[in-house]
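Following: one structure in structure tokens, then a few remarks.
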Amino acid sequence: MRDQSAVKAEAPVAGDTPAPLAFIDLQAQRRRLGTRLEQAISRVLAHGAFIMGPEVTKLERRLAAFCGARHAIACANGTDALV
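The sequence shown begins at 173 in this note's numbering and counts up by one.
Here it is in structure tokens:
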């Protein structure tokens, strides 16, 4: 099934003011993932391990497997990943 959360925009007709371009429909994402996200956030809040907790370990393992790598390291942002 194709992900329907991305929003397509039509090209404006010459002379028209371009319509805002939505790259992703966050409400659709919320409808699809909201309950699971809230449960995951609640688990993190309950154990308090915001950094290097079990969810991070699971993410790193799954990301490494997805990429066919032996290891993956989660970083706070792209700059941290480059440093």
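Glycine residues also receive a C-beta, built at the ideal position from the N, C-alpha and C atoms.
Which whole-angstrom value is the C-beta distance of A244 and E232, which I expect to be below 8 Å?
If you number the sequence shown from 1, residue 244 lands on position 72. If you number the sequence shown from 1, residue 232 lands on position 60. About 5 Å separates the two Cβ atoms, so the contact holds.
Taking DSSP as the reference, what is the three-state secondary structure of G206?
Here residue 206 refers to the residue found at position 34 when the sequence shown is read from its first residue. Here G206 sits in helix by DSSP.
Taking the alpha helix (DSSP H) that C239 falls in, what are its first and last residues?
For the purposes of this step, residue 239 is taken as the residue at position 67 of the sequence shown. Its alpha helix (DSSP H) spans residues 226 to 239.
CB of P226 to nearest heavy atom of the ligand MN: below 7 Å?
Of the ligands one can find in the structure shown there are none, so the ligand MN has no counterpart to examine.
Straight-line gap, I196 to G206 (C-alpha atoms, nearest Å):
Within the sequence shown, numbered from 1, the residue matching residue 196 stands at position 24. Within the sequence shown, numbered from 1, the residue matching residue 206 stands at position 34. Whole-angstrom Cα-Cα distance: 15 Å.
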